[in-house]
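For the sequence shown, counting from 1, position 194 maps to 193 in numbering that gives the first Met the number 0; every step adds exactly one.
Where is the CB? At the ideal position from N, CA and C, for every residue including glycine.
The structure appears right after this line, and notes come after that.
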Amino acid sequence: MRHDNRAATAPWIRTRLRTAPGAAAALAVLVLVTAFLAAAFPRAVDAYETKGLRHDIVAADAGRSAVEVARPQPGLELPPAQRDAEVRSPELSRVGARLLKALPAPLRADTSSVAYGVRTTKPAVADEPWLPRPEALPPQLTYVAQTGLKEHATLSSGAWPTTPEEVTSDSREVQGAVTEETAAELKVKVGATVGLLTAAQEPVTVTITGIVAPRDPRGSYWSADPLLRSPSLVLDPASPFPQHYWTGTVMLAEDAGPVLLSTSAEPVLFWRMPPDPARLTGPDGSRLTSVIASLESGPGLLKVREIAGDTAVVATGLGHIVEANARMRDAISPVIAVAALGIGSVAAVVLLMTGALIAARRRGELALMRSRGGSLRGIGGRLLAETAVAVLPASALGLLLAVLVVGEGRWWPGALAAAGVGVLVCVALPLRTTLQHIRPTLHGAREDMVSARPSRRRTVAELTLLVLAVGAVAALRRRGTSATGGTDLLVSAAPVLVALIAALVLVRLYPLPLRLAARPMARLRGAIGFLSLARAGRSSAGGALPLLALLLALATAAFGGSVIAGIGDARDEAALASVGADARIDGVSERATLPDGLVRTVRDLDGVRDATPLRVEYSVSMPETEAGDGNAPSAETDGSGTGTSGDAGSAGEVRTAALVGIDPASYARLTRTTGLPAFPAARLKAAGPSAPPAGGTESDPGRVLPAIASPAVAARLGVGPRAIDTLSGEFMVQVVGTTARVPSVSSTDFLIVNSASLERSAPTTLLLTGTPDAGELRAAVGGSGKEYAVQTRSEERARYVNTPMQAGAERIYLAAVAAGAGYALLAVLLSLLQTAPERRTLLARLRTMGLTTGQGRRLLAFEATPQALLAAGGGLFTGWATIALLSPGIDLVPLALAGVAGSDPGPVALRTDLWSLGLPAAGVVALAAAVAGVQAWWASRRGSITELRAGDSR
């Protein structure tokens with residue numbers, strides 16, 4: 000009997016697949032795409048987190064990222080031979096090999112850049128007369144004997160340092176080498192000798208036998224200790240007045256370490272192991288943090304001391320690098336979760352809609368099987384088998400494509416996501432289909448909205464969802480997307496819940512206006528308008544599931560597009576705030592002024608529309624606050640945010656401020672051109688006592704200049720005139736307005752005056768608007784000398800896209816916008832296909848009553864238009880409401896500006912992007928009209944007899 004059942008099952012599946020291959024193929028393609036997206040998302044997140052972690056480690060300074068084990072020199076109580084042996088290469092290499100093996104996973108060392116050796120920690124004075132003394136101070140040198148010099152350098156001149164005889168602590172002659180940079184700055188030549196005193200003040204002669212060039216100057220071998228590669232001019236901390244001296248490093252022969260034991264330069268043994276990020280992945284970040292903490296002060300340190308000695312210590316900045324990466328990852332993850340839950344919900348609803356479409360098409364077939372004795376279990380098993388045959392291979396292929404396209408990431412999250420898609424379809428389709436046949440239904444019963452009456456259970460469920468949505472939105476607005484202990488899924492699901500509530504509300508409300516509009520249409524002569532509105536008001540295509548899919552897709556697309564637009568706007572504003580205009584020319588030093596010839600040359604360049612000269616002085620001392628001095632009184636600000644009120648909270652902390660001298664008319668044009676807040680140029684008009692002094696006369700310190708200040712500076716200066724002393728002259732200022740920000744200066748404390756009123760008004764900065772070519776601009780400025788620097792807004796803007804983590808998150812949001820738009824259009828198509836047979840039958844019946852082909856096409860178009868407009872309008876409203884409700888709780892700084900030195904740390908709010916909000920909604924309406932037109936055209940090609948068969952209940 001079992002054998003017969005199995006034999007009967009197989010022909011059924013083959014028969015069904017042969018009978019409807021198009022439906023099976025369409026379902027498989029949909030599952031394939033959805034499984035690919037589901038599997039690609041976690042792999043993409045892993046990929047950008049992995050690349051971000053590796054990027055941060057590689058981009059960090061080698062001195063911070065390397066793990067260094069160090070211990071003091073062997074104790075003086077040991078025999079000299081034993082002390083010498085412990086600092087020679089064989090013993091150092093043996094200890095180093097054991098340390099490499101002892102590094103706990105996932106921390107692994109880059110063995111090609113590992114260095115072991117002995118170095119001095121206290122610089123020794125070099126009194127040789129041929130060494131440079133810039134301020135009469137002799138150089139102070141450090142000495143190091145470490146492994147790997149020949150592998151990491153090339154010999155430029157001379158010979159490699161060697162040890163002709165075994166070097167001990169009693170040796171007094173050794174050989175060494177320096178890099179080309181050290182030789183150039185310290186005037187070192189091959190054959191030169193440098194004296195190093197022992198603790199007993201006996202000289203040790205170090206002969207420079209070679210000058211070497213690093214093969215990889217930025218590699219860990221040379222960059223972990225920058226003095227190894229390049230000397231430095233440092234300030235003498237012991238001098239009562241500023242004095243500088245040179246410091247650098249001399250590299251001794253590899254086995255010359257024992258000679259350093261006799262010196263008083265405090266030699267230490269070290270094993271420097273740079274990390275190898277090639278095998279690190281994003282999820283390894285948390286493990287790496289705990290491993291590093293263990294090495295610095297935990298069980299890992301005890302194991303290191305068992306190998307390197309009881310006094311060994313571990314020093315590294317790798318933990319801080321990993322923690323900074325984790326902070327950025329934790330800040331980005333909740334924002335990404337919002338997009339992931341939105342797209343995932345849309346995909347799930349579209350898959351359920353596909354199951355509903357298949358169930359509707361097969362209702363008559365399964366009802367016949369049920370009437371002839373078929374059991375629900377048997378019918379469900381057959382449906383499960385035939386669905387699994389098409390769905391499971393498609394899910395596996397989607398996972399394979401995700402692995403091939405996104406080649407870096409853990410496999411199991413993607414496998415679970417793809418399997419979840421397959422299980423959802425395999426379970427939902429049989430359940431939805433078989434549950435419709437638990438009870439027999441009346442033949443030809445109505446299935447439109449007229450017969451639908453919301454039950455009490457549905458009302459309770461909708462109210463529950465409403466409470467959840469309100470709570471999620473309130474939580475997101477109050478505390479943002481971040482949550483202690485990880486991402487809060489309820490908060491991240493707020494857009495989904497908002498769209499769900501909107502769909503339920505629209506489903507309940509939208510038939511009412513359509514039915515009201517149908518009443519006056521019934522009085523008109525034509526029947527097309529009345530029929531279209533009546534059917535649109537009852538159509539099941541406007542049910543909760545299709546509308547929910549559309550609203551979710553449109554809201555997700557709008558949210559993702561707004562995130563991308565907000566990131567771009569934030570970077571544009573940050574670049575403008577940094578540069579101040581489209582291009583900027585500054586003097587390298589604060590006192591450098593721009594010659595008139597340079598200003599004229601730059602004004603005449605192609606692409607330059609306007610040039611605004613400024614005179615900027617930083618660190619201008621502010622006068623002390625006097626007793627009884629009041630703060631600037633409150634005043635209403637104008638539209639530019641400029642007024643006469645100041646924030647006294649930080650007034651006492653303001654000691655210095657930046658003085659900005661401007662041409663008011665030119666600067667007002669600049670603010671209008673660049674989109675900055677309007678600047679009140681009339682308040683700084685130079686007239687009367689504030690006018691500039693006549694030529695050949697001295698400036699009057701009693702002149703009172705009107706000034707616009709930052710709130711803190713205005714609070715400190717008060718309402719009355721205050722005297723200030725600047726490089727531009729002595730005068731008094733009186734605050735006539737405040738503004739919170741001036742893009743032309745980096746300081747938050749500033750004072751803006753009319754440059755024409757200054758005694759010395761030569762500009763130090765030139766702000767340009769237009770589209771100047773950066774190369775031509777630098778060439779023009781370079782002709783005036785090297786004391787001028789050029790910045791362009793476009794180059795500054797490009798700095799903000801610099802980490803793989805930010806770039807990967809942006810790509811995910813771009814994919815979310817595209818996927819949301821695609822699923823929205825697919826939801827429209829599925830909802831119209833579900834009612835296509837009913838539409839064709841209606842059109843055939845009406846044609847037998849005299850309906851023309853043109854009228855039939857208008858009828859189908861008018862019937863589909865209200866539903867499409869409902870979905871588009873609801874999507875527009877839901878997307879706008881989602882962004883408006885959630886924007887206070889979402890900060891885009893980690894995506895837009897994190898990781899860039901000098902970037903604006905202020906919050907970056909979510910903004911509505913009209914393109915991502917309007918284009919998908921317009922596409923929904925266009926697709927609905929196109930599908931209705933195609934349906935009408937296809938129905939006109941089929942005869943009425945084909946549609947109206949005898950006994951057909953449609």
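(request) Compare the C-alpha of Thr353 against each of Ala778, Leu515, Ala25 and Glu862 and name the closest. (result) Ala25
(message) For Thr18 and Val933, what's the separation of their Cα atoms in angstroms?
(response) 24 Å
(message) What does the Cβ neighbour count give for Trp245, buried or exposed, with the cut at 16 atoms within 10 Å?
(response) buried
(message) If you measure between the beta carbons of Thr737 and Ala708, is that distance less than 7 Å?
(response) yes
(message) Just to confirm, is the Cβ distance from Ile291 to Gly247 under 7 Å?
(response) No; because the gap between Cβ atoms is not below 7 Å, this pair is not in contact.
(message) Please classify Arg217 as buried or exposed, where buried requires at least 16 other C-beta atoms within 10 Å of its C-beta.
(response) Arg217 is exposed by the Cβ-count criterion.
(request) Assign Pro887 to one of three DSSP states: helix, strand, or coil. (result) helix
(request) For Phe749, name the three-state secondary structure that DSSP assigns. (result) In the three-state DSSP reduction, Phe749 falls in the strand class (E or B).
(message) With the cut-off set at 7 Å, would you say Arg682 and Val598 are in Cβ contact?
(response) no
(request) Return the Cβ separation of Ser344 and Leu909 in integer angstroms, given the expectation that the two are a contact with Cβ distance under 8 Å. (result) Between the beta-carbon of Ser344 and that of Leu909 there is about 19 Å, and that puts the pair past the 8 Å contact cut.
(request) Starting from the Cα of Ser618, find the closest Cα among Arg326, Val924 and Val712 and give me that residue. (result) Of the residues Arg326, Val924 and Val712, the one whose Cα lies closest to the Cα of Ser618 is Val712.
(message) Quick check on Pro89: buried or exposed, where buried means 16 or more other Cβ atoms within 10 Å of its Cβ?
(response) exposed
(request) To the nearest angstrom, report how far apart Ala355 and Ala347 are at their CA atoms. (result) A straight line joining the alpha-carbon of Ala355 with that of Ala347 spans about 12 Å.
(message) Cutting at 8 Å between CB atoms, please list the residues of its own chain near Phe749, excluding the five before and the five after it.
(response) Ala656, Ala657, Leu658, Val659, Ala708, Ser709, Val712 and Val741
(request) Look up Ala19 in the DSSP assignment and say whether it is helix, strand or coil. (result) coil
(request) Measure the CB-CB distance between Leu553 and Gly878 and report whether it falls below 7 Å. (result) yes
(request) Can you tell me the Cβ-Cβ gap for Leu547 and Leu499, rounded? I've got them flagged as a contact below 8 Å. (result) 6 Å
(message) Distance check for Leu850 and Gln833, CA to CA, integer angstroms please.
(response) 24 Å
(request) Assign Ser756 to buried or exposed, taking buried as 16 or more other Cβ atoms, counted over all protein chains shown, within 10 Å of its Cβ. (result) buried
(request) Find the nearest neighbour of Leu884 within the set Val469, Gly95 and Leu829, judged by alpha-carbon distance. (result) Val469
(request) Report, in whole angstroms, the separation of the C-beta atoms of Ala311 and Val303, which I expect to be a contact under 8 Å. (result) 6 Å
(request) Check whether the Cβ atoms of Thr802 and Arg608 lie closer than 7 Å to each other. (result) no
(message) Considering Cα atoms alone, identify which of Gly873, Asp605, Leu829 and Ile811 is closest to Ala773.
(response) Asp605
(request) Confirm, please, whether the CB-CB distance from Gly559 to Val816 is below 7 Å. (result) The criterion of a C-beta distance shorter than 7 Å is satisfied by Val816 and Gly559.
(message) If I measure Cβ to Cβ from Leu505 and keep anything under 7 Å in the same chain, skipping five residues before and after, which residues do I get?
(response) Closer than 7 Å at the Cβ level, and outside the excluded window around Leu505, lie Leu546, Leu869 and Gly873.
(request) Could you pull out every residue in the same chain whose Cβ sits closer than 8 Å to the Cβ of Thr120, ignoring the five residues on either side in sequence? (result) Thr141, Ala264, Glu265, Pro266 and Val267
(request) List the DSSP bridge partners of Trp245. (result) Leu232
(request) Go through its chain and collect everything with a Cβ distance to Ile563's Cβ below 8 Å, but skip five positions before and after it. (result) Glu809, Tyr812, Leu813, Val816, Asp912 and Ser915
(message) Helix, strand or coil for Trp957? Go by DSSP, reduced to three states.
(response) With the chain covering only 0 through 953, there is no way to say anything about residue 957.
(message) On the DSSP letters alone, give me the boundaries of the beta strand (DSSP E) that Gln145 sits inside.
(response) Gln139 to Gln145
(request) Provide the residue span of the alpha helix (DSSP H) that contains Leu391, from first to last. (result) Leu375 to Val404
(message) Here's the rule I'm using: 16 or more other beta-carbon atoms within 10 Å means buried, otherwise exposed. How should Phe678 be labelled?
(response) buried
(message) Going by DSSP in three states, Tyr509 sits in which element: helix, strand or coil?
(response) coil
(request) Please go through the same chain and pick out, in chain order, the residues whose beta-carbon is closer than 7 Å to the beta-carbon of Arg431, but skip the five residues on each side of it. (result) Gly354, Ala355 and Ala358
(message) Within 10 Å of its beta-carbon, does Phe40 have 16 or more other beta-carbons around it, so buried, or fewer, so exposed?
(response) buried
(message) Between the alpha carbons of Gly406 and Ala46, how many angstroms are there, rounded?
(response) In this model, Gly406 and Ala46 are separated by some 8 Å (Cα to Cα).
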